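Numbering follows the working numbering, with no gaps: position 96 of the sequence shown is 141. Structure first, then comments.
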Amino acid sequence: MVQIARSDKAFTLLEVMVSMVIMLIVFLALLAAMSFYTKQNVANVIGDEAIKIAQECVERLRNGQMCSDLITRDFRGISITFTVNSPNPATFAFGNNDVTITVSYNYANKTHQYQLNTVIYK
Numbered sequence: 046m047v048q049i050a051r052s053d054k055a056f057t058l059l060e061v062m063v064s065m066v067i068m069l070i071v072f073l074a075l076l077a078a079m080s081f082y083t084k085q086n087v088a089n090v091i092g093d094e095a096i097k098i099a100q101e102c103v104e105r106l107r108n109g110q111m112c113s114d115l116i117t118r119d120f121r122g123i124s125i126t127f128t129v130n131s132p133n134p135a136t137f138a139f140g141n142n143d144v145t146i147t148v149s150y151n152y153a154n155k156t157h158q159y160q161l162n163t164v165i166y167k
């Protein structure tokens with residue numbers, strides 16, 4: 046009977062399976078990190094948009110125009126409605142007027158708010 050020499054240079058099935066399980070765990074961790082990063086990125090983009098809406102509202106008030114109460118914007122396939130609470134520029138007194146603009150929106154089952162305080166001279 047001829048004996049076949051066992052080569053120590055090759056991997057056994059058990060070693061291959063263990064390495065595949067380790068790679069699977071690493072890839073799942075990377076996938077979870079990417080998911081978290083994407084959610085945070087979308088939340089930051091939506092928050093930045095709330096700031097832009099408040100700044101646009103300030104410019105409209107300085108020009109004597111009303112701000113829209115509801116503004117809808119789309120982000121990566123998600124439609125977000127922003128609610129803007131701002132004063133009527135017709136009620137401004139002559140001189141300096143303290144103005145507070147509040148932009149609120151719902152994202153990830155939570156209500157978020159951005160508040161902008163400024164002075165508008167009439």
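Ideal placement from N, C-alpha and C gives every residue a C-beta, glycine not left out. Since the model is a prediction, treat every value here as computed from it, not as a measurement.
Check                                                                                                                                         : Outcome
How would you call A95, buried or exposed, if buried means at least 16 neighbouring beta carbons within 10 angstroms?                         : buried
Given this structure, state the Cα-to-Cα distance separating K97 from F139, to the nearest angstrom.                                          : 27 angstroms
Measure the C-alpha to C-alpha separation of H157 and D93 and round it to an integer number of angstroms.                                     : 12 angstroms
Specify, as a first and last residue, the run of the beta strand (DSSP E) that K155 falls within.                                             : 155–166
Note down the Cα distance separating L75 from I125, rounded to an integer number of angstroms.                                                : 28 angstroms
Would you call S64 buried or exposed, if buried means 16 or more other Cβ atoms sit within 10 Å of its Cβ?                                    : exposed
Can you tell me whether A99 is buried or exposed? The criterion is at least 16 other CB atoms within 10 Å of its CB, across all chains shown. : buried
Are the CB atoms of L106 and V144 nearer to each other than 9 angstroms?                                                                      : yes
Considering only their Cβ atoms, is the gap separating Y166 from N142 smaller than 9 angstroms?                                               : yes
Is DSSP giving T57 helix, strand or coil here?                                                                                                : coil
Would you list the residues sitting across from Y152 in a DSSP beta bridge?                                                                   : K155
Taking the CB atoms as reference points, tell me whether V148 and I123 lie closer together than 9 angstroms.                                  : no
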